[in-house]
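Going by the working numbering, the residue at position 146 of the sequence shown is 142; the numbering climbs one at a time, nothing skipped.
C-beta: ideal position from N, C-alpha, C; glycine also.
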Amino acid sequence: MVYARKAAPDCPFQKRFPSQLIRDDVFYMTLAYNEAIDAWHSNEVPIGAVIECEGQVVGKGSNQVESANDPTAHAEMIAITQAANSLEDWRLNKATLFVTKEPCPMCSGAAIMSRLGRLVYAVPDSKMGGLGGAFDVNGYPGMNHTSIIDKGVLHDDCLELIQTFFRLKRESESEGFDKV
Ligand SMILES: [Zn+2]
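#1: Residue 161 by DSSP, collapsed to three states: which one?
#2: How would you label residue 161, buried or exposed, when you count the other beta carbons within 10 angstroms and need 16 or more for buried?
#3: Count the other CB atoms within 10 Å of the CB of residue 145; is the residue buried (16 or more) or exposed (fewer)?
#4: Over the uninterrupted beta strand (DSSP E) stretch that includes residue 72, give me the two end residues.
#5: Leaving out five residues before and five after residue 169 in sequence, what residues of the same chain have Cβ atoms less than 7 angstroms from its Cβ?
#6: In angstroms, rounded to a whole number, what distance separates the CA positions of residue 176 and residue 63?
#7: For residue 139, which residues from the same chain have a beta carbon less than 7 angstroms from its beta carbon, with the 5 sequence-adjacent residues on both sides left out?
#8: Would you say the beta carbon of residue 99 comes nearer than 7 angstroms to a heavy atom of ligand 1?
#9: Does residue 142 pass the burial test, meaning 16 or more other C-beta atoms within 10 Å, or should it be called exposed?
#10: Tell me whether residue 27 sits in a helix, a strand or coil according to DSSP, three-state version.
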């Protein structure tokens, strides 16, 4: 008998459409939140990222580890690659990355390697966070670049999204696996 991966639980959250006129941190984090909802619909841990440069979105991504079967397909990695392509420059020192959860050490490292100017995350991660939650890649002495880090923007909404996803997954998985 073969067991298939359970389908994504129904997402009780809706995408949001903030005013284009006020392009503040909440605006860009809301776009990252919408990317996280895309991840949920693909049955991925709902994490999303958006990169802003001089008032424009130049990169965005949602977590695709399961669908791409790629452990590096985190939202931030996808957004960083897209931003470097669209700016035709791997140096992102004028850009800000908005992500719904504190980046892991891999993505924190990629942010430093891309010389990202600023990084804003919503929810801290004390288990795997790479920006002070568990490790501090950005604060490591001797780094040839450091980014400005801000946190807490849209914290409650992004936390609720992730926690609800895992709760509904646990509930659906305790009902057993789909048989194929
Ligand atoms: Zn990551």
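In this structure, then:
#1: Residue 161: helix per DSSP, three-state reduction.
#2: Classification for residue 161: buried.
#3: Buried, since its Cβ has 16 or more Cβ neighbours within 10 Å.
#4: Not the beta strand (DSSP E): residue 72 falls in the alpha helix (DSSP H), residues 71 to 83.
#5: Counting only residues of its own chain and dropping the five nearest sequence neighbours on each side, residue 169 has a CB closer than 7 angstroms to the CB of 2.
#6: Residue placement at residue 176 is flagged as unreliable, the pLDDT there being 48, under the threshold of 50; the coordinate-derived value follows with that caveat. Distance between the alpha carbons of residue 176 and residue 63 is about 19 angstroms.
#7: Around residue 139: 108.
#8: Relative to ligand 1, the beta carbon of residue 99 is positioned inside 7 angstroms of a heavy atom.
#9: It is exposed - the Cβ of residue 142 has fewer than 16 other Cβ atoms within 10 Å.
#10: Of the three classes helix, strand and coil, the one that applies to residue 27 here is helix, per DSSP.
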